[in-house]
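Going left to right, the sequence shown walks through residues 51 to 355 as my numbering numbers them. Glycine included, each C-beta is placed from N, C-alpha and C at the ideal position. First the structure, in the form of structure tokens, and then the observations on it.
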Amino acid sequence: MRDLTKYEGVIPAFYACYDENGEISPKAVQDLTRYYIEKGVKGVYVNGSSGECIYLTPAERKIVLENVMAANDGSLTVIAHVACNSTKESQELAAHAESLGVDAIAAIPPIYFKLPEHAIAKYWNDISEAAPNTDFVIYNIPQLAGVALTPALYAEMRKNPRVIGVKNSSMPVQDIQTFASAGGEDYVVFNGPDEQFISGRLMGAAGGIGGTYGAMPELFIKMNECLADKDWKTAKAIQYDVNDIIAKLCSGHGNMYAVIKGVLKENEGLELGSVKAPFAPLNAEDEKVVKEAAEMIRAAKAKYL
């Protein structure tokens, strides 16, 4: 049986960090990494959706990961998302990630063209072959990728000994049960949708990876603790408040990640820049949204921590 404990718990999806010119900021990446260490999260998921991976070049994604690893003192589990639409570029990022010593790599399926399952399996296995000493996590996000991980495809992928499980971001919480039951104790399932953190955990997810965790990691850590203590009432109450915060984060003209970066500046003093086009940056009216979301997070922390 494999020891998968380093993947259990709260793992924020890492944000892309830019300077005033819109270039990747090594300093901001390292500042954000140290912020997560100080907050006590289990690990970070780098260069995924929250890291604006689709809009970053492979070279930019390398800079991000290199600076996460440079700032990590060994206390964070690091999962690097390496998928590009090109198998060759994905393999390049996978080999780079392994050379830096990440704990795992992850990949969505190729997007745009609808490929048959055997082609998706080959794509994932080819990426995994480029990092032969590193765990591999399947990233299931059908609402964005356009293709869903099926039980049959998951069964095929489990023939690869480096596959350790699934980051499941599909909305039906039953999907977590499906993958957790199929894999058993030798595989891990991560809850993806932040709005159902406690539901996903109760249905079999060993941990969670989420794009809003970074704005309020203490609240997700507290929910995780409540689940361990079987304090269902408090866990539910925090989840309800977190969901209201998420709705506020999504209510701006600017992209949610731009709002979150504004919140982190307001509450934590972190300067992470804006977002990469074609994501919409904040406009003047969004300043109110940022301040309201920041206050909601402060109030929730005062209420539960």
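Whole angstroms are fine: how far does the CA of residue 321 sit from the CA of residue 151? 27 Å
Please report the Cβ distance between residue 356 and residue 155, rounded to the nearest whole angstrom; I am assuming they are in contact, meaning their Cβ atoms lie under 8 Å. Examination of residue 356 is not possible in this model, given that the chain is present from 51 through 355 alone.
According to the neighbour-count rule (16 or more other Cβ atoms, all chains shown, within 10 Å of its Cβ), is residue 294 buried or exposed? exposed
Are there three or more Cβ pairs, one per stretch, closer than 8 Å when the stretch 304 to 317 is compared with the stretch 273 to 280? no
Within this structure, are the beta carbons of residue 268 and residue 126 separated by less than 8 Å? no
Going by the CB atoms, is the gap between residue 96 and residue 128 shorter than 8 Å? yes
Using the three-state DSSP reduction, which class does residue 242 fall into: helix, strand or coil? coil
Is it buried or exposed, residue 124, if we count other Cβ atoms within 10 angstroms and call 16 or more buried? exposed
Express the C-alpha separation of residue 169 and residue 260 in angstroms, rounding to a whole number. 28 Å
DSSP puts residue 62 in a beta bridge; with which residues? 260
Let's see if you can read the secondary structure: which residues bound the alpha helix (DSSP H) around residue 146? 137 to 150
Indicate whether the contact test is met: 3 or more Cβ pairs, each with one atom in the stretch 70 to 80 and one in the stretch 296 to 309, closer than 8 Å. no
Which residues in the same chain as residue 113 place their Cβ atom closer than 7 Å to its Cβ, once the five residues preceding and following it in sequence are excluded? 74, 76
C-beta contact flag for residue 254 and residue 289 at 8 Å: no
Residue environment, residue 244, which counts as buried when at least 16 other CB atoms sit within 10 Å: buried
Bridge-paired residues (DSSP) for residue 94: 128
How is residue 196 classed by DSSP in three states: helix, strand or coil? coil
Buried or exposed: residue 194, going by 16 or more other Cβ atoms within 10 Å of its Cβ? exposed
Going by DSSP, name the residue or residues bridged to residue 213. 186
Proximity below 8 Å, CB of residue 189 to CB of residue 230: no
What does residue 68 pair with, by DSSP beta-bridge criteria? 74
Contact belief for residue 307 with residue 60 at Cβ below 8 Å, rounded distance in angstroms: That pair is no contact at about 19 Å.
Helix, strand or coil, according to DSSP, for residue 154 in the structure here? strand
Element boundaries [alpha helix (DSSP H), containing residue 276]: 267 to 278
Output yes or no for whether 8 Å exceeds the beta carbon distance between residue 212 and residue 247. no
Please report the distance separating the alpha-carbon of residue 105 from that of residue 174. 21 Å
Based on Cα-Cα distance, which residue from 162, 145, 102 lies nearest to residue 374? Residue 374 cannot be examined here, being either before or after the span of the chain that is shown, 51 to 355.
Under the three-state DSSP convention, the category residue 175 falls into: helix
If distances are taken between C-alpha atoms only, which option among 225, 159, 134, 117 comes closest to residue 84? 117
In the DSSP assignment, what are the bridge partners of residue 218? 190, 241
Roughly how far, in whole angstroms, is the beta-carbon of residue 121 from the beta-carbon of residue 132, given that I think they are within contact range, below 8 Å? That pair is no contact at about 20 Å.
If you draw a straight line from the C-alpha of residue 287 to the C-alpha of residue 138, how long is it? 46 Å
Rounded straight-line distance, which links the Cα of residue 216 to that of residue 332: 33 Å
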